[in-house]
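Undergrad: The listed protein sequences derive, respectively, from chains A and B. The working numbering numbers the first residue of the first sequence as 32 and each following residue consecutively. The working numbering numbers the first residue of the second sequence as 39 and each following residue consecutively. By construction, the Cβ of each residue, glycine as well, lies at the ideal position given by its N, Cα and C atoms. Below you'll find the structure I mean.
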Amino acid sequence: DTEVTQTPKHLVMGMTNKKSLKCEQHMGHRAMYWYKQKAKKPPELMFVYSYEKLSINESVPSRFSPECPNSSLLNLHLHALQPEDSALYLCASSRTTGLKNIQYFGAGTRLSVL
Amino acid sequence: GESVGLHLPTLSVQEGDNSIINCAYSNSASDYFIWYKQESGKGPQFIIDIRSNMDKRQGQRVTVLLNKTVKHLSLQIAATQPGDSAVYFCAEISGSSNTGKLIFGQGTTLQVKP
Chain A
32 DTEVTQTPKH
42 LVMGMTNKKS
52 LKCEQHMGHR
62 AMYWYKQKAK
72 KPPELMFVYS
82 YEKLSINESV
92 PSRFSPECPN
102 SSLLNLHLHA
112 LQPEDSALYL
122 CASSRTTGLK
132 NIQYFGAGTR
142 LSVL
Chain B
39 GESVGLHLPT
49 LSVQEGDNSI
59 INCAYSNSAS
69 DYFIWYKQES
79 GKGPQFIIDI
89 RSNMDKRQGQ
99 RVTVLLNKTV
109 KHLSLQIAAT
119 QPGDSAVYFC
129 AEISGSSNTG
139 KLIFGQGTTL
149 QVKP
């Protein structure tokens, strides 16, 4: 089983709303990732968690707040987003962050900010 | 600097023909490369990987070739089928680090004509 589950699949929110994206994996992976993907572009790394600790923040604005409550779950809290934040948000996991650890992706949450 | 790129944004092939998708990279220290397939409405799906100490690796109907001299990577798909229609990304693990930082190329859209 190489499944990464993301909820919700679609989300529409206003610029004053607070919402959360959720990601879950049960593969025993200890590395989890958030990516942002705009239309017709490659995924761009946002955050990396390794053993439930934030190891990489790619200079992401503070209106995006990641959280890793345990080794199976990864959240992305959203607050005061801008219309340009509309995108597909992808979660991925891998056994560790070491070389030659395949990252497995979820189907993503398609976010629209109005 | 580090960058991973694909030569053509779109490739159109006849069903049953072989497909070749190309990718160039600039970091000569890159050690590990991955090909992902992303179908419409889905997250990237792992296809095949290769380490820099190899020139060729084969999977089911797919072959990845690595030419370190010219820093070029290619994905060959044999007997292309309609289900192969997708966007294909090459990706590189950043240098020799253990950060898990995956750098994607711009992607090639493969269209399979029946």
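Name the residue from A:Leu145, A:Gly137, A:Val144 whose alpha carbon lies nearest to the alpha carbon of tyrosine 66 of chain A.
TA: The residue labelled residue 66 of chain A in the question sits at position 35 within the first sequence. If we check each option's Cα against that of tyrosine 66 of chain A, A:Gly137 comes out closest.
Undergrad: Three or more C-beta pairs closer than 8 Å, one from the segment 77–93 of chain A and one from the segment 83–91 of chain B: is that the case here?
TA: Touching, no, given that fewer than three Cβ pairs across the two stretches are closer than 8 Å.
Undergrad: Kindly indicate which residue of B:Lys151, B:Thr146, B:Ala124 has the alpha-carbon position closest to the one of lysine 80 of chain B.
TA: On the second sequence, position 42 is the one that residue 80 of chain B refers to. It is B:Ala124.
Undergrad: Just reading off the beta strand (DSSP E) that asparagine 132 of chain A is part of, what are its end residues?
TA: Here the question's residue 132 of chain A lines up with position 101 in the first sequence. Asparagine 132 of chain A -> no beta strand (DSSP E), and no H or E assigned at all.
Undergrad: Arginine 95 of chain B to lysine 72 of chain A, Cα distance in whole Å?
TA: Reading the second sequence from its first residue, position 57 is the one you call residue 95 of chain B. Reading the first sequence from its first residue, position 41 is the one you call residue 72 of chain A. Going from the Cα of arginine 95 of chain B to the Cα of lysine 72 of chain A covers about 27 Å.
Undergrad: Please report how far the alpha carbon of lysine 84 of chain A lies from the alpha carbon of valine 150 of chain B, in whole angstroms.
TA: Along the first sequence, one-based indexing puts residue 84 of chain A at 53. Along the second sequence, one-based indexing puts residue 150 of chain B at 112. Those two C-alpha atoms are separated by around 43 Å.
Undergrad: DSSP state of aspartate 55 of chain B, grouped into three classes?
TA: Reading the second sequence from its first residue, position 17 is the one you call residue 55 of chain B. Looking at aspartate 55 of chain B - three-state DSSP - the assignment turns out to be coil, as it is neither helix nor strand.
Undergrad: Kindly indicate if chain B contains any beta-carbon less than 8 Å away from that of threonine 140 of chain A.
TA: For this step, residue 140 of chain A is matched to residue 109 along the first sequence. False, the Cβ-Cβ gap to chain B never drops below 8 Å.
Undergrad: Answer with yes or no whether the minimum CB distance from serine 125 of chain A to chain B is below 8 Å.
TA: In the first sequence, counting from the first residue as 1, residue 125 of chain A sits at position 94. Put simply, the CB of serine 125 of chain A is near chain B, with a gap under 8 Å to one of its CB atoms.
Undergrad: Work out the CA separation of leucine 119 of chain A and lysine 131 of chain A for me, nearest whole Å.
TA: By one-based count along the first sequence, residue 131 of chain A stands at place 100. By one-based count along the first sequence, residue 119 of chain A stands at place 88. Distance between the alpha carbons of lysine 131 of chain A and leucine 119 of chain A is about 25 Å.
Undergrad: Sort A:Ala123, A:Leu121, A:Cys99, A:Ser93 by Cα distance to leucine 109 of chain A and report the nearest one.
TA: Locating residue 109 of chain A in the first sequence gives position 78, counting from the first residue. Nearest of A:Ala123, A:Leu121, A:Cys99, A:Ser93 to leucine 109 of chain A, Cα basis: A:Ser93.
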